[in-house]
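*Asks:*
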Amino acid sequence: MVFGDDDDEEEVKAPAEAPSTASPAGKKVEVEEEEDSDDEAPEAVSTVKAAEDIKKSTQAAQKAVQEQAAAQKRKRQQLAELLKKQAEERKKAEESTQHQQPSAKPTEPSASRARNRADRSNIPAVLPAEFLTDSSSEDDEEDADAARASGPKRRKVSGVEKRLTRLDAGPKDEVVKSTVYRVEKKMDQRLAPKVKKHSKASKEVLLKRNRPAVTSGSGFLKRK
């Protein structure tokens with residue numbers, strides 16, 4: 001290559017135009033790379049979208065909770081106002097009844113006083129003769145007549161049986177820990193105890209003392 005030749009200058013200039021022709025291709029490559037980069041990260045887009053959805057749902061839940069709390073507060077206020085109104089009405093009614101009652105009460109003592117005065121004025125100074133006589137004998141006669149008229153009371157069989165069983169029944173058994181003790185009936189100490197079969201037989205055995213019975217004689221005189 002020799003400098004200063006025109007043909008050579010044209011040959012040298014020819015490759016210099018190459019960058020202008022190559023620039024659109026470079027831009028195209030860059031655009032494709034950006035598109036590839038967008039296509040290569042779908043997970044990042046999905047996570048961002050999910051975070052936005054979660055944020056929206058939490059905001060909606062918070063809003064619902066706030067609305068519910070406001071509604072409950074409103075209901076409590078209405079209930080408190082209603083109770084307060086009822087208490088005021090009840091208080092007014094009680095006050096009105098209290099104002100009405102004292103006006104009616106003073107008339108009652110005056111009427112009772114007038115009645116007491118009339119009763120005292122009617123009491124005589126001296127009792128009549130019929131109250132001064134002894135009425136005890138008359139009362140005794142009336143009681144005797146009533147007893148005769150009524151006559152003896154009839155006793156029912158069932159009532160008599162109940163009384164007899166109650167008398168025959170002995171005292172209740174006493175329980176001490178795990179042992180039951182039979183309590184004997186109260187007996188009259190002035191009377192002899194009742195004779196039982198085994199006691200009678202034991203008495204006869206004790207009297208015999210294993211001795212043979214003596215035969216009684218046929219007559220008064222004995223033979224020698």
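Here the sequence shown is numbered in the UniProt record's numbering, starting from 1 and rising by one per residue.
Every residue, glycine too, gets a C-beta built ideally from N, C-alpha and C.
1) Going straight from the alpha carbon of Ala-61 to that of Gln-68, what length do you get?
2) Below 6 Å CB to CB, which residues in the same chain sit around Gly-170 once its five sequence neighbours on both sides are set aside?
3) Quick one: grab the DSSP three-state call for Glu-88.
4) Pick helix, strand or coil for Val-160, following the three-state DSSP scheme.
5) Less than 7 Å between the C-beta atoms of Arg-182 and Asp-188, yes or no?
6) Tell me the DSSP secondary structure of Glu-184 in three-state form.
7) From Ser-57 to Lys-49, what distance separates their C-alpha atoms?
8) Where does the unbroken beta strand (DSSP E) through Val-205 begin, and where does it stop?
9) Mapping the DSSP letters down to three states, classify Thr-179 as helix, strand or coil.
*Replies:* Judging by the given coordinates:
1) As a first step, residue 61 must be located in the sequence shown, where it is residue number 61. As a first step, residue 68 must be located in the sequence shown, where it is residue number 68. Those two C-alpha atoms are separated by around 11 Å.
2) Reading the sequence shown from its first residue, position 170 is the one you call residue 170. Closer than 6 Å at Cβ, skipping near neighbours: Lys-185.
3) Residue numbering aside, residue 88 sits at position 88 when the sequence shown is read from its first letter. Residue state, collapsed to three classes: helix.
4) For the purposes of this step, residue 160 is identified with residue 160 of the sequence shown, where counting begins at 1. Reduced to three states, the DSSP call for Val-160 is helix.
5) By one-based count along the sequence shown, residue 182 stands at place 182. By one-based count along the sequence shown, residue 188 stands at place 188. No. Outside cutoff.
6) Taking the first residue of the sequence shown as position 1, residue 184 is located at position 184. In this structure, Glu-184 counts as coil in the three-state DSSP scheme.
7) Sequence index remark: in the sequence shown, residue 57 carries index 57 (1-based). Sequence index remark: in the sequence shown, residue 49 carries index 49 (1-based). Their backbone Cα atoms lie some 12 Å apart in a straight line.
8) If you number the sequence shown from 1, residue 205 lands on position 205. For Val-205, no beta strand (DSSP E) segment is defined; the enclosing uninterrupted segment is the alpha helix (DSSP H) at 197–208.
9) In the sequence shown, residue 179 corresponds to position 179, counting from 1. In this structure, DSSP gives Thr-179 an extended state, which the three-state scheme calls strand.
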